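Numbering (the working numbering), first residue to last: 642 to 752. Positions of the beta carbon are idealized from the N, C-alpha and C atoms, including for glycine. Since the structure is predicted, the reported quantities are computational estimates derived from the model, not experimental observations. Okay, structure first, notes after.
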Amino acid sequence: MSDIKLTKEKMHTFTGHEKLSALKAPGKLTEFGEKQNEANEAIAANVNALIKRLCALEDQQEKNTAVMKKLAEELGAFKKELDRVRLTEKLNSGAIERLDRAVRLAEGDDE
């Protein structure tokens with residue numbers, strides 16, 4: 642954020658409601674213009690600071706999105722591998738049970 646803080650005092654550019662003579666009007670107009678310029682500069686500085694912050698946030702979001710995509714791909718690959726291991730474990734367990742039964746039958750165990 643900008644170092645220039647937007648305060649009510651800085652944004653308050655018109656201070657006089659009294660009737661002005663033709664001689665005082667140019668001075669008051671100059672004063673008003675100077676205060677308005679200061680207020681505009683403060684607003685511009687804050688807007689520019691906000692734009693910088695927004696750009697930084699957008700860059701960070703792009704990086705985060707790329708990381709999340711990579712994580713999603715890794716998670717998908719991990720899930721595939723886990724499913725493969727589970728299936729292999731089930732197939733191996735079934736094969737072990739069949740071999741165990743075959744060995745028992747061969748030994749004459751009729752369990």
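*asked:* Assuming residue 680 and residue 654 are in contact, meaning their beta carbons sit under 8 Å apart, how far apart are those beta carbons, in whole angstroms?
replied: Taking the first residue of the sequence shown as position 1, residue 680 is located at position 39. Taking the first residue of the sequence shown as position 1, residue 654 is located at position 13. With 8 Å as the limit, residue 680 and residue 654 qualify as a contact, their Cβ atoms being about 5 Å apart.
*Cutoff 9 Å: residue 683 Cβ touching any chain B Cβ*: Among the protein chains of the structure shown there is no chain B, as only one such chain exists.
*Taking the C-alpha atoms as reference points, what is the distance between residue 747 and residue 710?*
Taking the first residue of the sequence shown as position 1, residue 747 is located at position 106. Taking the first residue of the sequence shown as position 1, residue 710 is located at position 69. Between residue 747 and residue 710, the C-alpha separation is close to 55 Å.
*asked:* Between residue 647 and residue 684, how many whole angstroms is the CB-CB distance? I'm expecting something under 8 Å.
replied: If you number the sequence shown from 1, residue 647 lands on position 6. If you number the sequence shown from 1, residue 684 lands on position 43. Confirmed, about 7 Å.
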